[in-house]
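Visitor: Residues in the sequence shown are numbered from 66 upward in steps of one, following the numbering used here.
Each residue gets a CB set at the ideal place from its N, CA and C atoms; glycine is no exception.
One structure coming up, written as structure tokens, with questions to follow.
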Amino acid sequence: MNKDFFLGIGAQRSGTTWLGTYCTDHPQIGFTVPKELHYFDAVYCPELCSDSNAGFQRELDIIQKKSEDELGVKEKAYRYFLEQRLKMLDDESLYVSYIKSFDKEAYRVLGEISPSYCLLDENGFRAIR
66 MNKDFFLGIG AQRSGTTWLG TYCTDHPQIG FTVPKELHYF DAVYCPELCS DSNAGFQREL
126 DIIQKKSEDE LGVKEKAYRY FLEQRLKMLD DESLYVSYIK SFDKEAYRVL GEISPSYCLL
186 DENGFRAIR
């Protein structure tokens, strides 16, 4: 089965959460975890993402204070995401690797939706392409 990837770019408060929920109900469509990675805006418009990046770091710091025995499966998966997401800023290949890490057998199409991508400049859209 062919696996495709799509990137949702929409204005904030324009229904992207509804779209994500609607698509998730389809058995062949999956989304990254979390749905909004904020990768391209963090790299190409960092001023838009300073709060997100700081929030991701705070969440990782909290999780890292716990022992392995205290972490559930979801927290371990979220820790992995946070570690990868923060490293992506310095290495674009980690974004691609993270996307490829999702179970491709579970769906035909994988998507990521980050509404703030609509604020990217020409360089950001070239990088996406």
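What residue range is occupied by the uninterrupted beta strand (DSSP E) comprising Val-174?
Guide: Here the beta strand (DSSP E) through Val-174 covers 174 to 178.
Visitor: Restricting to Cα atoms, I'd like to know which of Asn-188, Lys-141, Phe-71 is closest to Cys-88.
Guide: Taking only the C-alpha atoms, the option nearest Cys-88 is Phe-71.
Visitor: Using the Cα positions of Thr-86 and Lys-100, report the straight-line distance between them to the nearest angstrom.
Guide: Computed Cα separation, rounded: 10 Å.
Visitor: Just mark Pro-111 as buried or exposed, buried being the case when its beta carbon has 16 or more other beta carbons within 10 Å.
Guide: Exposed, since its Cβ has fewer than 16 Cβ neighbours within 10 Å.
Visitor: Tell me whether the region 102 to 121 and the region 162 to 180 touch, counting them as touching only if at least three CB pairs, one residue from each stretch, are closer than 8 Å.
Guide: Contact between the region 102 to 121 and the region 162 to 180 is present, because at least three Cβ pairs lie under 8 Å.
Visitor: What residues match up with Ile-94 in a beta bridge as DSSP calls it?
Guide: Answer is Val-174.
Visitor: Just to confirm my understanding: we take Arg-144, look at its own chain, exclude 5 residues before and 5 after, and list those with CB closer than 8 Å. What are they?
Guide: Counting only Cβ-Cβ distances below 8 Å, and skipping sequence neighbours, we find Leu-125, Ile-128, Gln-129, Leu-136.
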